[in-house]
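Working notes for the structure below.
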Amino acid sequence: MRLLVVYTSKTGFTKRYAQWLAEDLSGDCFPLEQAARVDFSGYDAVAFGSSVHAGGVRKLAWLKKRLPALAGKRVALFFTGAMPPEEKTVEQCVAQNLTPQERQQVKAFYLWGGLNYQAMGPVDKWMMGVFRKMLASQKNPSPEDKLAARMVGSSYDKTDRASLKPLEDYLTH
Numbered sequence: 001m002r003l004l005v006v007y008t009s010k011t012g013f014t015k016r017y018a019q020w021l022a023e024d025l026s027g028d029c030f031p032l033e034q035a036a037r038v039d040f041s042g043y044d045a046v047a048f049g050s051s052v053h054a055g056g057v058r059k060l061a062w063l064k065k066r067l068p069a070l071a072g073k074r075v076a077l078f079f080t081g082a083m084p085p086e087e088k089t090v091e092q093c094v095a096q097n098l099t100p101q102e103r104q105q106v107k108a109f110y111l112w113g114g115l116n117y118q119a120m121g122p123v124d125k126w127m128m129g130v131f132r133k134m135l136a137s138q139k140n141p142s143p144e145d146k147l148a149a150r151m152v153g154s155s156y157d158k159t160d161r162a163s164l165k166p167l168e169d170y171l172t173h
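Residue numbers (UniProt numbering): 1 to 173.
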């Protein structure tokens, strides 16, 4: 099986997973900026990695545009985020980003990344500050909101190479 991994990464978590995936499965790995000149015909499987931001998977249009050319190949989307991998939240994100028809061709996987304030730009830092203040101002926060408030207080890294196993199994079987 020949694997192509294409990724876009703002804070480094998606890049780390993309590189691990390519290493584990002896695939080729390219940042999105270099993927324009890649010939897909030589690959049996394509994995696209990105991050989820306010419920949207960044740069997903790149993959969607290429789905017709990827017909007959095993196609995976892996996306990283700062929140724990809760099944309901992941399902909502997948449904929000992929149509039912796209979900027949693309299998989606969530990989817990983390927060890296040092790698964020000023707009993202500002947005996280607004989110922190919003969470802190709630009078009766839900358990999920309490957890979110604790988690967004500082940078952290939850990447785990072992969490790639379901994605790797999908790509190789």
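For each residue, glycine too, the CB sits at the ideal point set by N, CA and C.
Open item on the list: Three Cβ pairs or more, each shorter than 8 Å: is that satisfied between the segment 30-43 and the segment 90-101?
Closed with: Short answer: they don't touch.
- [ ] Return the CA-CA distance between VAL123 and ALA54, expressed in angstroms with no decimal places.
- [x] As a working mapping, residue 123 is identified with position 123 in the sequence shown. As a working mapping, residue 54 is identified with position 54 in the sequence shown. Rounded to the nearest angstrom, the two C-alpha atoms are 13 Å apart.
Task: Whole-angstrom distance between PRO143 and ALA22, CA atom to CA atom - done: In the sequence shown, the residue the question calls residue 22 occupies position 22. In the sequence shown, the residue the question calls residue 143 occupies position 143. Cα to Cα, ALA22 sits roughly 37 Å from PRO143.
Task: For LYS107, the residue or residues it bridges with in DSSP - done: For the purposes of this step, residue 107 is identified with residue 107 of the sequence shown, where counting begins at 1. According to DSSP, LYS107 bridges with ALA76.
Open item on the list: When you compare the segment 127-144 with the segment 68-76, are there three or more beta-carbon pairs, one atom per stretch, that lie closer than 8 Å?
Closed with: no
TODO: Rounded to whole angstroms, what's the CA-CA distance from ASN140 to ARG132? Just pull it up for me.
DONE: Taking the sequence shown and counting its residues from 1, the one referred to as residue 140 is at position 140. Taking the sequence shown and counting its residues from 1, the one referred to as residue 132 is at position 132. Approximately 15 Å between the Cα atoms of the pair.
- [ ] In angstroms with no decimal places, state the Cα-to-Cα distance between ARG161 and PRO68.
- [x] To locate residue 161, count along the sequence shown from 1; it is residue 161. To locate residue 68, count along the sequence shown from 1; it is residue 68. ARG161 and PRO68: Cα-Cα distance of roughly 31 Å.
Task: ALA136 (DSSP reduced to helix, strand or coil) - done: Here residue 136 corresponds to residue number 136 of the sequence shown, with the count starting at 1. If DSSP states are grouped into helix, strand and coil, ALA136 belongs with the helices.
- [ ] Please go through the same chain and pick out, in chain order, the residues whose beta-carbon is closer than 6 Å to the beta-carbon of ALA108, but skip the five residues on each side of it.
- [x] The residue you call residue 108 lines up with position 108 of the sequence shown. Cβ neighbours of ALA108 beyond the five flanking positions: LEU77, VAL94.
Open item on the list: In the DSSP output, which residue or residues are listed as bridge partners for TYR156?
Closed with: Stepping through the sequence shown from its first residue, residue 156 is reached at position 156. For TYR156, which the question treats as bridged, DSSP gives the partners LEU115.
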